[in-house]
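Take the sequence shown: its letters are residues 2 to 95, numbered as in my numbering. No residue lacks a Cβ here, since even glycine has one placed at the ideal position from N, Cα and C. Everything below concerns the one structure shown next.
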Amino acid sequence: TTIMLVHGYTCDDRSWAEQVPTLAKQYRVVTLDLPGHCKSGGEPPASVEDASATIISLLDAAGVQKAALVGHSFGSLIALETAARAPERRRLRP
């Protein structure tokens with residue numbers, strides 16, 4: 002099972018530093034820096050929809066068919082939007 006952790010606005014993948022070691026014992030854990038945040042170049046997503054498209058592209062690039070999405074703050078809106086846009090890809094329970 003893959004869990005993708007989506008950080009909040011103005012944050013980055015370091016937001017999940019405390020959770021990743023424990024989760025990684027049982028799951029494949031994917032973290033990211035959304036565009037325009039920390040190690041990612043470009044402009045921040047202009048909308049939740051744009052950020053969701055980024056998440057779907059990253060899942061495709063990683064070869065992930067289904068994932069449990071976990072979001073922090075603004076990342077929770079992105080996770081919900083992604084689940085609504087691609088319901089066939091969501092894994093409700095890790």
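- Task: Could you check the C-alpha separation between H8 and K40 for me, to the nearest Å?
- Result: 13 Å
- Around the C-beta of D61, are 16 or more other C-beta atoms found within 10 angstroms, so that it is buried, or is it exposed? exposed
- CA nearest to the CA of H73, picked from T2, T11, P46: T11
- Query: How many angstroms separate the CA atom of P95 from the CA atom of G43?
  - Reply: Its pLDDT being 45, under 50, P95 is placed unreliably in this model, and the value from its coordinates should be taken loosely. Rounded to the nearest angstrom, the two C-alpha atoms are 31 Å apart.
- Which residues bound the beta strand (DSSP E) around L35? L35 -> no beta strand (DSSP E), and no H or E assigned at all.
- Ignore the nearest five residues each way along the sequence and tell me which others in R86's own chain have a CB closer than 6 Å to its CB. S53
- Item | Sequence-distant residues of the same chain with beta carbon closer than 8 Å to R92, five excluded per side | Closer than 8 Å at Cβ, skipping near neighbours: T2, T3, K67, A68, A69.
- Item | Buried versus exposed, by CB contacts within 10 Å (16 or more), T23 | exposed
- Message: Can you tell me whether A63 is buried or exposed? The criterion is at least 16 other CB atoms within 10 Å of its CB, across all chains shown.
- Response: exposed
- Query: Does DSSP classify G43 as helix, strand or coil?
  - Reply: coil
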